[in-house]
Structure formats: C-alpha cells, structure tokens
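Shown next, in structure tokens, is the structure this report addresses.
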Amino acid sequence: MALQFGCFTRPWSNFSWDDFLTGTADANFELVGTMRLGKDWIIGPETSESVARQRRAEVEAAGLTPSTCLISIPLDAGPEEAEKGLRDFIDAAPTFGAQYLLSCGTARGATEDLYFDTIAACCDYAEEKGVMLTLKPHGGITDTGADLIYALDRVAHDNFGIYYDPGNIVHYKGLDPVNELRICSEFVVAMCIKDSLGQLEGVNILPGTGTVDFEGVFEELFDVGFDGPCIVECLGGETLDEVNAAATETHNWLVEMTD
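For the sequence shown, position 55 matches number 113 in this note's numbering, and the numbering has no gaps at all.
As structure tokens, this is what we get:
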C-alpha cells in the first residue's frame with residue numbers, strides 16, 4: 059500500500075523555514091507538518107490569511123503539500139477563550155492547505171472536561187472548513203489506547219480522530235505501542251513517526267533505532283486499511299547536515315518498510 063510521508067518542522071527547530079523546506083524536499087518527502095520553529099508558530103492562532111497563503115505558496119514551490127498543523131488550546135483561559143483559540147487555528151488551516159489539526163490533549167484533572175467540551179464544540183465548524191481535529195498520545199489523558207477510545211467517545215463526532223504516536227506510547231508510560239494500537243487502530247487517521255529509547259529516556263533519535271516495533275505498527279494499521287499521512291516528528295542530529303541526512307535515511311527506510 060502506497061502511503062504518503064512527510065516531516066514536521068520540529069527537527070529543524072534550530073534552523074530556518076527555508077532550511078526545513080529544502081531538507082524535507084531533498085529527502086523526497088511529500089508532505090509538510092507545522093509545529094514551531096524556535097518559539098514561533100509557523101501556522102498559529104494569530105497567523106493572518108496573507109501569511110498562511112504565503113506559507114502555502116512556499117510549501118508548494120518546494121514541491122511539497124501541506125498536511126498537518128500542531129495546535130495549542132488555551133484551556134487555562136476558560137471556555138470562551140479556549141474555543142476562540144481553537145477556532146483561530148481552524149480558520150488558518152484551510153488557507154495554508156492543511157487537512158489535519160493535531161492536538162496533544164491535556165493533563166488529567168482540572169482541564170480535562172474543558173478539553174473535551176472545546177473539541178466537541180468545534181468539530182462541526184472544523185468540518186465545514188474541511189479540516190479534521192485529531193488527538194495524539196502525549197501523556198495525561200492519552201496514556202493508552204483505551205484512553206484514546208475514551209476521548210473519541212467523549213467527543214462523539216466523526217470529525218475527530220486519532221493521530222497515533224507510537225514513540226509517545228513508549229516515552230510516557232513505557233507501554234507497547236503495537237498492543238495499544240490494537241485497541242484503537244480502526245480510528246487512526248494519521249501517524250507521527252517517532253521512536254523512543256524507553257520510558258522517559260528520550261525521543262529525539264533516528265526512527266528505527268529505538269524500541270518501537272514500526273513493522274508491527276504498520277502491520278496493525280494495514281490490517282484495518284489505513285492509508286493516512288505519516289509525518290516524521292523527530293530525527294536526531296544536531297547540525298543542519300546531520301538533520302538533513304537523517305531525513306533522507308528515514309524516508310528511504312519508511313519506503314522500504316512499507317513498499
């Protein structure tokens with residue numbers, strides 16, 4: 059099954075937007091996912107329409123396609139600001155060309171209900187804009203596959219899906235990402251490519267060199283007909299040349315493994 063692979067900006071966080079685009083394109087990836095570069099959002103809640111349009115043009119000029127934007131919901135500011143913050147991300151995404159907005163959930167406790175309520179309140183709005191809201195494993199309310207299913211049940215909307223992150227399943231609780239995936243695989247719409255050295259041991263490594271059984275992960279996903287985007291979040295490396303070389307190596311590894 060032919061999948062589309064891409065890179066998030068995170069591995070190039072110490073470099074420039076142009077460095078990211080060049081490194082991603084030269085490694086033969088197809089898709090782009092945005093997070094931050096340094097402290098600045100590439101696509102964020104205050105991104106103007108003109109800037110989002112310019113970013114999209116720059117992505118396409120590099121021969122790439124926008125896919126996913128990481129989001130941050132201001133839950134500590136209360137319900138109105140939380141919903142406004144999420145809607146601002148939703149407004150920016152289609153102009154940029156992204157199909158997915160990626161959230162990291164929240165800690166258990168005080169903001170848990172507000173997170174679910176905010177996502178649920180915005181699912182219809184995002185769907186009208188052609189953007190899907192998603193949740194990745196990131197500790198807190200998303201430790202396990204069962205937690206992800208609970209989140210889907212709480213939101214109860216077809217425009218809310220799982221953006222699986224096998225590396226984080228290992229990193230936060232030391233769990234087996236293949237076992238946890240079996241619980242929720244049919245609801246996975248996209249995946250972060252991220253490895254892990256072990257529980258709380260680090261994730262900024264070359265994919266395929268850690269503890270994640272990626273062949274097992276892809277086997278589980280293929281069994282349910284998965285064909286969503288797979289975006290690399292971590293590569294290791296310190297210099298620009300090292301990051302770019304890791305991108306090329308990772309692309310070749312992904313293609314060979316899934317061909």
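Yeah, the Cβ is synthetic: ideal placement off N, Cα and C, and Gly gets one too.
- Setting aside the 5 residues that flank it on each side, Ala303 is surrounded in the same chain by Gly295, each with a C-beta closer than 8 Å to its C-beta; the list follows chain order.
- Sixteen is the threshold: when 16 or more other Cβ atoms of the shown chains lie within 10 Å of the Cβ of Met93, as they do, the residue is buried.
- Inter-segment contact for the stretch 139–151 and the stretch 162–178 is present: three or more beta-carbon pairs are separated by less than 8 Å.
- At a cut-off of 3 residues, the continuous stretches assigned as beta strand (DSSP E) that sit fully inside the stretch 154–179 are 158–161.
- Between Ser243 and Leu279 a beta carbon distance of about 6 Å is seen, short of the 8 Å cut, so the two are scored as contacting.
- Looking at Ala60, Leu79, Gln62, the one whose alpha-carbon comes closest to that of Arg68 is Leu79.
- A Cβ-Cβ distance of about 6 Å is found for the pair Leu159 and Phe147, placing them in contact under the 8 Å criterion.
- Gly163 and Glu185 have their alpha carbons spaced roughly 19 Å apart.
- Arg145 and Ile207 have their C-alpha atoms some 24 Å from each other.
- Residue burial is scored here from C-beta neighbours: Thr267 has fewer than 16 other C-beta atoms within 10 angstroms and is therefore classed as exposed.
- In the three-state reduction of the DSSP assignment, Val270 falls in the coil class.
- Rounded to whole angstroms, the separation of the alpha carbons of Ala179 and Arg166 is 20 Å.
- Beta-bridge pairing by DSSP links Ala248 to Tyr221.
- Under DSSP, the beta-bridge partners assigned to Trp99 are Arg94.
- Here the C-alpha atom of Thr153 lies approximately 24 Å from the C-alpha atom of Phe73.
- DSSP, reduced to helix, strand and coil, places Thr67 outside both helices and strands of the structure shown, so it counts as coil.
- Rounded to whole angstroms, Pro137 and Glu170 show a C-alpha spacing of 12 Å.
- Residue state for Cys288 is assigned as strand, using DSSP reduced to three classes.
- In the displayed model, Pro124 falls within a strand according to three-state DSSP.
- Burial is judged here by how many other beta carbons sit within 10 angstroms of a residue's own beta carbon; Gly91 has at least 16 and is buried.
- In the structure shown, Gly197 adopts extended strand secondary structure according to DSSP, grouped into three states.
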